[in-house]
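Peer 1: Protein chains in written order, with my numbering: chain A, 562 to 1446; chain B, 562 to 1446.
All C-beta atoms in this analysis are idealised placements derived from N, C-alpha and C, irrespective of residue type, glycine included.
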């Protein structure tokens, strides 16, 4: 067993020995090696803690001898002696694990402060009250941590003394009473717990070490580790370090500093300090600290820059040195003891998304880090806050419920449960949030009228999510925490069962999925200038193309503005389900002859052509993949008797016949029903009209296009062969009719069923590309439907039956295997086969990394996720180079 | 180009050259080689036909030279010459493809009958009328087949001549008019089509060959091939053979014979003949032929055995010779020309299921074939008719619709659409068929009361199918040809839209899925004695164990009587859904606390224990696999408002709360919902009570048991680990409570999701066996649900997008790959892991063969399919030895 000393510009450990020395110990060793002034000390390694527990909570053999060596080093470095009445050495004993567990473990300050040393400290500092108060603090901490006595015991004593003196809370104890407190404490400890604070300073150190080791296993530490997935057998390191005092009168101070502004990312020393104070005073909130730099000056508050220019300069020098050496923005703790600056801690600084982007780019520009490192520095997920409006972080709203972040943004409005009411109230100037169980084609106008949409069911690709993203509306879906009663116009919170009526003000955060009560302040989108630079670097670095899902021109526009390489998936269902067309679609579905159906689709043709023309125009020659109709018939089924009557009249069909037909068509499992290319093969008119509309639109718009025609839900090669022939034929026919040269295009398929993956070689014979539909593929592979999983999937995640939600992060073990198989077999049959992946999982950086690893050519994500995917793809490329392929 | 001669005990071809010579030509070559008397002839091979078409419908180079050689052979063999006025040679020119296409192609008889030859034939036969009539027949056939003139042209001439003579239909033309017919024919052919029948006999042969080649591509032949999946490029062989005449006066006859009775299988010559007739007279139906053998004698009809003992003896000799040589029962065509027996054709005889079994066993016992061959001789599918009542084959019922053969048997009863009415009418003594869209727990008593069940939706494993099989009721499900209106008490036929009301007599055939109008005669089950022998041989030969699905003791009993090796799958849902328990299940599902739920399941415990005890007793120590509850919650959801009210009262819960809860639980895709082990993990009480009931029952019954506990719908290893621990714990606890030694058991899982296959190695760590659930696995792999596939799967099969229904035959290409993968990985992780497969596909012999090939240990099929599976498994073993593993 050994210890690792540091101080005086030397260190036996180093900054990279975090596993051994803990974060704190490694940081101190690193600083000392860099010549940064740190109070000398030594660190007991984590294996000492493990040995402590292995040995039944006793100090392991040889450890004390090592501690004695460490203490000797500190005594020499500070030219002080433990317990010395003239120049007493005081030390702090602090925990410090390899993984950050803030506030979970214990610390004891001022160890060594024996009664004799108190007098020495008083004399030396010329401040008797300081010495007495230090003693008090020591006794209280020691009693709690080293002796295990409940803090209330000594607190009661202190209050009793205060009461006896007739002092209110506002007044501090006079020195005379402070001086008597130790005796009162001593009596109380004996009376309550039959323990004493040792007067031998070495016995104090030993008891402090044991106390801090034990704090590894307090109940709250155990709970924290369980919640954060930290193993219990890591153990903590313990650092014993000479005390320095920021409260030794004028010229003394303590504070925290960031090497750059953690909010804006600006390059200047940023932080706060308190003159004549100890560290805990800064963080306690009892005092308002002063800004360090003149740039942050407040009226009436001094700055360190002004009041102690020398210390400020020294701090700036150290900050620069540490940032350069450690290659990241640092969060520093320091103490100035009578003019001498001592650093107590350094660590990578937490910062705002804004600052994260700016500092990464600027540090790369300054040459402190390379661009790859800069790319890895930014958490892709955090970009959302920069590029979309979000709830103000300082607003501290009351979060009622949490759903899926289906479409970003932050909006407030009154809850309305009926789409017609939403239209009415919105026309009357009210801001409305439409709340529904799920939405369907009937809700289209309501969604248009609303500023946001909230549903209690449905996933990231539910009707509400798709429509809201298409319209750029903020949307939270699948919010299982609420029960919506549309008929009564109210919703109930599942927890607490509060009932919220129509008209209640709500705020939605579509970036986090949070539903808040009232009108909460929001911040607009405002990315820093560095954002564009970083995205440029990401684009240069990534191998994956990033395309966006977009069902209409507006959405396509947003996607391209956010840097999409093209439109990876245009779902034409949306065009069909738009409010004014759903009745046409119903006519088509219920038509009892090919001729009737053809007549209906002919009426759809001009509408589709217009939609496609707008899209192609907006795409401006970028790739655009159009998926042919993939509509579960179920979804357009009229559910109300009146709707059925209307439709029967439209079709001149007896209601009874229609009702019978509807009954036959109603699927018990719509996902596995009559949809995708099954519809295209059995109702060939539908795809014909779509393909015609697409190629006529391309000729109408003119110019060069990159059109990909996507056939949905293929499970056997023959489906693809037949539809490919038909599509090719129809495209040629359109060119022929117009006397125009044929518009170039490719035909490929969605890979959404396990079978498609297994027979990918056969399918690839007829497909120019594969687009994996990760949602449906996950659904089928697991036999889980996202919409129905609410009763058990949360249980599975909480109880770790599953490590993560496979609809959020692609399941590498199962679904990922199928994707790999399909790519391998597909490319074996058709070398160079283009492969992409779409689905809600593309919002997850780990999934993007998977896509990179398996050699996909592109991902297609929601428009608003494009920047996140671009960065995640770049990170995957950077990380990928380090690993074997 | 060559031809293959035969006759006079020699042949250039042989019986196994079917691809080259067609069935007919190969048969003739084979017979000739065996020394059986066949009229000499030669065969043009199928490649001649292909060359004919490749060369633009002309005879290929060198073919005519070969034909001349063939003709020379025949002339010499018969000592006759083509066109010879004294001893003319007449030949038949017949098509004969490698695949049987009965009646689809053409034949011309009496080719060579020039006007001069007619006189020769008349003189030689001493029967002028015979010669004239032969000439007439020749001209009519030649005109139609070789000259392509519509048959009505000459028919009109014949009628005109007859009318001119004032003759009715009943009278034959006098010889003088018959003699003038050729001139009239000649004139009509010239007038109508400007063609002539050549007088050069070689020109006749050439034109006849071309005509018969062309008959390969007539419209009806093309349609037949399309319907039967026969490739169009096979081509037909053509056999040119010396004519022999059964109508050359006394001592001449023609007939057909079977080497054994094709109905009973009895070993004796069976067949019919007509004296003084040609082949077409026997099959035309214009004359009633006489029996060959005395054993089949009818009053007033002669038998060949009596009237020509020599010919009969020769025929018997030839029949025995052919059967022994060809190793199968033969279907023969023969002609006796003036006392000489000539064989015209031999082929394997079509026979009844009964005869198939009996002849296979008897021929093996006689040593004609070995037992392996006998096993291959019987089509497993046909056993159904022997072991279950079936519709009488002679009844010729009107088939209204066709559904899935869900539970075998044949019953008649009146259609009733309401389960309560079914109970009432059955109690009043009526025989009732319950007709429903689908059935659910509410229909239980109605199903019990009915003799048969018919549903318009649902597959082979729907509720109706499971319950009916459990009760041994005849059942047809998924009958998409009818639309059931339960409310109105009627059903509509989709084709023709006839409406059938309550009370209509129907007959169901649960073995074929046919729904017939009226009370149709049925035949009881009556397997021949040889059946048991054959099954014994099958059991000795097969490697696969054949277990049965059985949900209750009665079904288990039937399965074991049919030779099941054990119960491979006992689905406990059934026990839960039984009529008197469904309300308990609902209470369980809607219980709002663990305590309430536990109280409910405690009430279920004694019922389950009783069920299990009965099953274990009936299993008598044979293996029994009990699957824990796999109930989609959806299925027990009350759908009517009153039911909800009742349930709310039972649970002392406000109706509103219950309605809300039901809404939350209602899955949009039940198959992918909260079911299987997901239920077991989230509602642990349910499996606990089931496991307790099972092991308490085992101790109650006593004796040795082979219990397998099956965990349903596992998708990740962690599910299996947890449930295995719980099951093991509960089993130990039961033994402990009783102070009994623990009942041995194994724990395994259903493999029903693609993911389970992909992570099979991980799952096998916690599973003693895998039981593949082929229905659900197919469903997920294809994203097709059987119940919803009616709108497109029939289209897919008709249009050959899919080669077969993957719910009927296991999809080797996709699902089969997953099964292979799972077995390999599972056994790699746990050597010797037992693997079985259940699902509707086990009814298909090809699926059984697949199971054998991939090394499964067992299949578990419906009880009534056990004999079929036993035989199919034996066949797979026999066939498997020939192929590489």
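Spatial neighbours of residue 1342/A within its chain, please: C-beta separation below 6 Å, excluding the five flanking residues on both sides.
Peer 2: 1315, 1375, 1376, listed in sequence order.
Peer 1: Decide if the segment 798 to 815 of chain B is in contact with the segment 592 to 607 of chain B; the criterion is three or more beta carbon pairs, one per stretch, under 8 Å apart.
Peer 2: Segments in contact, yes.
Peer 1: Could you tell me whether the Cβ atoms of residue 894/A and residue 974/A are closer together than 8 Å?
Peer 2: No, the Cβ-Cβ distance between residue 894/A and residue 974/A is not below 8 Å.
Peer 1: Below 7 Å, is the gap between the Cβ of residue 1311/B and the nearest heavy atom of the ligand FAD?
Peer 2: As far as ligands go, the structure on display features none, and thus does not contain the ligand FAD.
Peer 1: Identify the residues that DSSP records as bridge partners of residue 1396/B: which are they?
Peer 2: Bridge partners of residue 1396/B: 1331/B.
Peer 1: Would you give the residue range spanned by the alpha helix (DSSP H) that residue 926/B belongs to?
Peer 2: 914 to 927 is the extent of the alpha helix (DSSP H) around residue 926/B.
Peer 1: Measuring only the C-alpha atoms, how far is residue 997/B from residue 1074/B?
Peer 2: Distance between the alpha carbons of residue 997/B and residue 1074/B is about 15 Å.
Peer 1: So residue 1186/B is in the beta strand (DSSP E); what residue range does that whole segment cover?
Peer 2: Start and end: 1184 to 1188.
Peer 1: With a CB to CB cut of under 7 Å and the five nearest residues on each side skipped, what residues in its chain are close to residue 1339/B?
Peer 2: Same-chain partners within the cutoff: 1367, 1368, 1372, 1376.
Peer 1: Quick check: is the beta carbon of residue 1342/A nearer than 8 Å to any beta carbon in chain B?
Peer 2: Closer than 8 Å to some Cβ of chain B, the Cβ of residue 1342/A qualifies, so yes.
Peer 1: Helix, strand or coil for residue 707/B, going by three-state DSSP, please let me know.
Peer 2: Coil.
Peer 1: Taking only beta-carbon atoms, is residue 652/A less than 8 Å away from chain B?
Peer 2: No, because no Cβ of chain B sits closer than 8 Å to the Cβ of residue 652/A.
Peer 1: Listed in chain order, which residues of the segment 1298 to 1314 of chain A have Cβ atoms closer than 9 Å to some Cβ of chain B?
Peer 2: If the cut-off is 9 Å between Cβ atoms, the segment 1298 to 1314 of chain A has 1313, 1314 near chain B.
Peer 1: If you run the structure through DSSP and keep just helix, strand and coil, what is residue 1202/A?
Peer 2: It is helical.
Peer 1: Could you confirm whether any beta carbon from chain A is found closer than 8 Å to the beta carbon of residue 1375/B?
Peer 2: Chain A, which has a Cβ nearer than 8 Å to the Cβ of residue 1375/B, makes this yes.
Peer 1: Suppose contacts are defined by Cβ-Cβ distances below 8 Å. Is residue 962/B in contact with residue 1351/B by that definition?
Peer 2: No; because the gap between Cβ atoms is not below 8 Å, this pair is not in contact.
Peer 1: If the cut-off is 8 Å on Cβ atoms, which residues from the segment 1265 to 1278 of chain A count as contacting chain B, listed in chain order?
Peer 2: Answer set for the segment 1265 to 1278 of chain A: 1274, 1276, 1277.
Peer 1: Taking only three categories from DSSP, how would you classify residue 1070/A?
Peer 2: Looking at residue 1070/A - three-state DSSP - the assignment turns out to be strand.
Peer 1: Would you tell me roughly how many angstroms separate the C-alpha atoms of residue 592/A and residue 1439/A, rounded to the nearest one?
Peer 2: Distance between the alpha carbons of residue 592/A and residue 1439/A is about 29 Å.
Peer 1: So for residue 766/B, helix, strand or coil by DSSP?
Peer 2: Helix at residue 766/B.
Peer 1: Apart from the five residues on each side of it in sequence, which residues of its chain come closer than 7 Å, Cβ to Cβ, to residue 749/B?
Peer 2: So the list reads 714, 715, 718, once near-sequence residues are dropped.
Peer 1: Mind listing, in chain order, the continuous alpha helix (DSSP H) runs of no fewer than 4 residues lying wholly within the segment 623 to 695 of chain B?
Peer 2: Within the segment 623 to 695 of chain B, the complete alpha helix (DSSP H) runs of at least 4 residues are 624 to 639, 676 to 686.
Peer 1: Given 8 Å as the limit, is there contact between the segment 967 to 984 of chain A and the segment 995 to 1010 of chain A, that is, 3 or more CB pairs closer than that?
Peer 2: Yes, the segment 967 to 984 of chain A touches the segment 995 to 1010 of chain A.
Peer 1: If you check the beta carbons only, do residue 620/A and residue 632/A fall under 8 Å apart?
Peer 2: Contact: no.
Peer 1: Against chain B, does residue 1015/A count as a neighbour if the rule is that its beta carbon must be under 8 Å from one of theirs?
Peer 2: Output row for residue 1015/A: interface = no.
Peer 1: Quick one: grab the DSSP three-state call for residue 1112/B.
Peer 2: Of the three classes helix, strand and coil, the one that applies to residue 1112/B here is coil, per DSSP.
Peer 1: How big is the Cα-Cα spacing for residue 874/A and residue 1105/A?
Peer 2: Straight-line Cα distance between these residues: approximately 47 Å.
Peer 1: Could you name the residues of chain B that residue 1067/A contacts, counting a contact when the two beta carbons are closer than 7 Å?
Peer 2: Within 7 Å Cβ-Cβ: nothing; residue 1067/A doesn't reach chain B, min ~20 Å.
Peer 1: What beta strand (DSSP E) runs, 3 residues minimum, are completely inside the segment 817 to 885 of chain B?
Peer 2: DSSP runs (the beta strand (DSSP E)) wholly in the segment 817 to 885 of chain B: 831 to 836.
Peer 1: Report yes if the CB atom of residue 1397/B is closer than 8 Å to the CB atom of residue 1415/B, and no otherwise.
Peer 2: No, the pair does not count as a contact, with Cβ atoms beyond the cut-off.
Peer 1: Given a cut-off of 8 Å, decide if residue 1253/A and residue 1295/A are closer than it, judged by their beta-carbon atoms.
Peer 2: Contact flag set, yes.
Peer 1: When the distance is taken between beta carbons, is residue 1308/A closer than 8 Å to residue 1285/A?
Peer 2: Cβ atoms of residue 1285/A and residue 1308/A: closer than 8 Å.
Peer 1: Run through DSSP, which three-state label would residue 751/B get?
Peer 2: Helix at residue 751/B.
Peer 1: Just curious, the beta strand (DSSP E) that residue 896/B is in, first and last residue?
Peer 2: Its beta strand (DSSP E) spans residues 891 to 898.
Peer 1: Rounding to the nearest angstrom, what Cα-Cα distance links residue 1232/B and residue 1344/A in this structure?
Peer 2: Their Cα atoms are separated by approximately 7 Å.
Peer 1: What residue does the alpha helix (DSSP H) around residue 613/A start on, and which one ends it?
Peer 2: Per DSSP, residue 613/A belongs to the alpha helix (DSSP H) from 607 to 615.
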